[in-house]
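Asks:
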Amino acid sequence: MTNFSDSLSRAKIEQKSINSKINIDKIINIFFKNKVAIDVFIKKNENIHIKKFWLDFFKNKKFSFPINKHCEIYIKHHKHDTKHIFNYINFRYLFYLCGYKKIDIGFPPHLLIETVSTCNLRCPFCFQTDKTFTKKPYMGTIDFDLFKKVIDEANLLGVGAITIASRGEPTLHKNLKIMLKYLETKKNIFEIKLNTNATLLTEELSHEIFKNKVTQVVISADHYEKESFEKLRKNSNFEKVVNNVDMLFRIRKQYKNSITEIRVSGINFYKNLDQNKFYDFWIKRCDHVSLSDAFERWDTYNNLEHPKINDPCEILWDRMYVWFDGKVNPCDSDYKSYLSYGNVKENSIKEIWENNIIAKTRQNHLNGKRRNINPCNKCGVTYIK
Numbered sequence: 033m034t035n036f037s038d039s040l041s042r043a044k045i046e047q048k049s050i051n052s053k054i055n056i057d058k059i060i061n062i063f064f065k066n067k068v069a070i071d072v073f074i075k076k077n078e079n080i081h082i083k084k085f086w087l088d089f090f091k092n093k094k095f096s097f098p099i100n101k102h103c104e105i106y107i108k109h110h111k112h113d114t115k116h117i118f119n120y121i122n123f124r125y126l127f128y129l130c131g132y133k134k135i136d137i138g139f140p141p142h143l144l145i146e147t148v149s150t151c152n153l154r155c156p157f158c159f160q161t162d163k164t165f166t167k168k169p170y171m172g173t174i175d176f177d178l179f180k181k182v183i184d185e186a187n188l189l190g191v192g193a194i195t196i197a198s199r200g201e202p203t204l205h206k207n208l209k210i211m212l213k214y215l216e217t218k219k220n221i222f223e224i225k226l227n228t229n230a231t232l233l234t235e236e237l238s239h240e241i242f243k244n245k246v247t248q249v250v251i252s253a254d255h256y257e258k259e260s261f262e263k264l265r266k267n268s269n270f271e272k273v274v275n276n277v278d279m280l281f282r283i284r285k286q287y288k289n290s291i292t293e294i295r296v297s298g299i300n301f302y303k304n305l306d307q308n309k310f311y312d313f314w315i316k317r318c319d320h321v322s323l324s325d326a327f328e329r330w331d332t333y334n335n336l337e338h339p340k341i342n343d344p345c346e347i348l349w350d351r352m353y354v355w356f357d358g359k360v361n362p363c364d365s366d367y368k369s370y371l372s373y374g375n376v377k378e379n380s381i382k383e384i385w386e387n388n389i390i391a392k393t394r395q396n397h398l399n400g401k402r403r404n405i406n407p408c409n410k411c412g413v414t415y416i417k
């Protein structure tokens with residue numbers, strides 16, 4: 033195992049950090065300095081995976097799972113609260129273990145909630161370009177009462193991360209600020225993430241992001257030159273997006289020791305992007321820059337099949353997507369919900385997570401039958417062995 037990773041996932045087509053340096057020794061030392069207190073916490077914890085993890089950590093003086101930039105920022109920010117960072121590492125390790133070892137802990141460690149399924153842009157690598165998708169019944173916004181129900185259940189279960197994002201642009205929702213306020217009250221949720229194209233960021237929303245301790249804002253931006261940017265982010269205005277990101281970065285300075293990490297995340301659609309120039313342009317206005325190649329999400333259902341890709345998909349074990357109408361899905365590559373396995377309006381998160389529909393999908397993946405499942409057989413994502 034490595035102590036840190038430039039990849040933000042184990043998937044071979046995934047966001048990777050550019051020029052990201054992590055002081056892993058400093059992170060390790062934080063936990064060794066608090067070993068006495070942590071030993072007490074370990075004795076009280078009944079999870080065998082957690083006990084073994086910490087035994088190996090103190091024996092080998094290294095983490096047995098990748099620590100990325102976001103983890104580093106989070107741990108440094110909370111380093112004076114030993115119990116909190118102990119529980120945070122437990123969450124991150126179980127999240128990793130669920131996908132890597134295909135372990136079901138009884139609930140999704142990561143929940144992605146779609147506040148809005150619509151988007152104001154039409155990027156060529158996104159399913160929003162599929163005209164059969166951008167109409168009823170797929171378009172809509174989440175009801176605030178439904179959002180609260182999902183968040184309350186997630187907090188009680190111990191879901192460690194909530195991402196506000198999925199098929200659409202979250203900032204289009206008129207109640208987003210209220211949602212962020214509600215999320216901040218839930219103390220069992222460690223990470224609150226917001227993905228946005230930054231076209232609609234305002235001063236008011238920026239302040240709400242920092243007031244409510246959103247842990248990560250991911251800005252989707254794919255170039256450093258106006259013409260290419262606006263071609264890739266169709267309907268956007270390059271100068272406005274850059275000014276909005278600058279504004280967000282500037283406003284954060286008003287919040288002492290803010291926990292919020294600002295990351296710019298790009299898609300190398302044409303596979304000829306100068307990564308160093310991309311990094312140099314955006315790192316002036318964020319903490320972290322990442323990039324990935326595009327993968328086939330713009331018309332999943334008409335993709336060619338990938339007969340050679342048949343490994344089980346990790347996200348069946350480590351996350352759950354909740355659409356605006358309560359429908360639950362394994363992933364957003366299946367943006368028309370062929371593989372939906374329930375609705376949070378009708379059942380609890382835990383009931384849905386453990387139902388026969390998703391159990392069968394997981395088992396089929398484990399039994400080498402991914403190539404028989406539509407659209408899993410048309411997804412180009414495979415995982416590092």
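Just so you know, the working numbering puts the end of the sequence shown at 417, numbered straight through with nothing missing.
The C-beta atom is built at its ideal place from N, Cα and C for all residues, glycine as well.
1) What does residue 226 pair with, by DSSP beta-bridge criteria?
2) Looking only at C-alpha atoms, which of 95, 275, 377, 135 sits nearest to residue 229?
3) So, for residue 335: in the same chain, excluding its five sequence neighbours on each side, which residues have a beta-carbon less than 6 Å away from its beta-carbon?
4) What is the DSSP secondary structure of residue 278, counted as helix, strand or coil?
5) Count the other C-beta atoms from every protein chain shown that fall within 10 angstroms of the C-beta of residue 82, then say buried if there are 16 or more, exposed otherwise.
6) On the premise that residue 382 lies in contact with residue 189, defined as a C-beta separation below 8 Å, what is that separation, rounded to the nearest angstrom?
7) With respect to the alpha helix (DSSP H) encompassing residue 324, which residues constitute its N-terminal and C-terminal limits?
8) If you draw a straight line from the C-alpha of residue 63 to the C-alpha of residue 163, how long is it?
9) Need the endpoints of the alpha helix (DSSP H) that residue 131 sits in, please.
10) Measure the Cβ-Cβ separation of residue 152 and residue 197 and say whether it is below 7 Å.
11) Measuring only the C-alpha atoms, how far is residue 79 from residue 86?
12) Buried or exposed: which applies to residue 398, given that a residue is buried once 16 or more other Cβ atoms fall within 10 Å of its Cβ?
13) Assuming residue 423 and residue 254 form a contact by the criterion Cβ under 8 Å, report the distance between their Cβ atoms to the nearest whole angstrom.
14) What are the start and end residues of the beta strand (DSSP E) that includes residue 21?
15) Please report the straight-line C-alpha distance between residue 84 and residue 128, rounded to a whole angstrom.
16) Along the chain, where does the alpha helix (DSSP H) that runs through residue 394 open and close?
17) Here's the rule: buried if 16 or more other CB atoms are within 10 angstroms of the residue's CB, otherwise exposed. What is residue 400?
18) Counting only the same chain and skipping the five closest in sequence on each side, list residues whose C-beta sits under 7 Å from that of residue 54.
Replies: With the structure as the only source:
1) Here residue 226 refers to the residue found at position 194 when the sequence shown is read from its first residue. DSSP lists 196, 249 as partners of residue 226.
2) Position 197 of the sequence shown, counted from the first residue, corresponds to residue 229. Comparing Cα positions, the closest option is 275.
3) In the sequence shown, residue 335 corresponds to position 303, counting from 1. Cβ within range, chain order: 328, 410.
4) One-based indexing of the sequence shown puts residue 278 at position 246. In the structure shown, residue 278 sits in a helix (DSSP, three-state: H, G or I).
5) Counting from 1 along the sequence shown, the entry for residue 82 is found at position 50. Buried is the call here.
6) Residue mapping note: residue 189 aligns to position 157 of the sequence shown, counting from 1. Residue mapping note: residue 382 aligns to position 350 of the sequence shown, counting from 1. That pair is a contact at about 6 Å.
7) Looking up residue 324 in the sequence shown gives position 292. From DSSP, residue 324 is part of no alpha helix (DSSP H) but of the beta strand (DSSP E) over 320-325.
8) Numbered from 1 along the sequence shown, position 31 holds the residue referred to as residue 63. Numbered from 1 along the sequence shown, position 131 holds the residue referred to as residue 163. Those two C-alpha atoms are separated by around 51 Å.
9) Working through the sequence shown from its first residue, we reach residue 131 at position 99. Taken as a continuous stretch (DSSP letters only), the alpha helix (DSSP H) holding residue 131 covers 114-133.
10) Taking the first residue of the sequence shown as 1, we reach residue 152 at position 120. Taking the first residue of the sequence shown as 1, we reach residue 197 at position 165. No, these two residues do not count as a Cβ contact at 7 Å.
11) Along the sequence shown, read from residue 1 onward, the residue named residue 79 stands at position 47. Along the sequence shown, read from residue 1 onward, the residue named residue 86 stands at position 54. Going by the C-alpha atoms only, they are around 11 Å apart.
12) Position 366 of the sequence shown, counted from the start, is the residue given in the question as residue 398. Result: exposed.
13) The chain is shown only over 33 to 417; residue 423 falls outside these bounds and no answer can be derived.
14) Coverage of the chain is limited to positions 33 through 417, which leaves residue 21 absent and any answer about it impossible.
15) On the sequence shown, residue 84 is found 52 positions in, with the first residue counted as 1. On the sequence shown, residue 128 is found 96 positions in, with the first residue counted as 1. If I take the Cα positions, the gap works out to 15 Å.
16) Residue mapping note: residue 394 aligns to position 362 of the sequence shown, counting from 1. Element bounds for residue 394: 388-398.
17) For the purposes of this step, residue 400 is taken as residue 368 along the sequence shown, with counting starting at 1. Exposed, since its Cβ has fewer than 16 Cβ neighbours within 10 Å.
18) Translated into positions along the sequence shown, residue 54 becomes position 22. Here the set comprises 36, 99, 101, 104.
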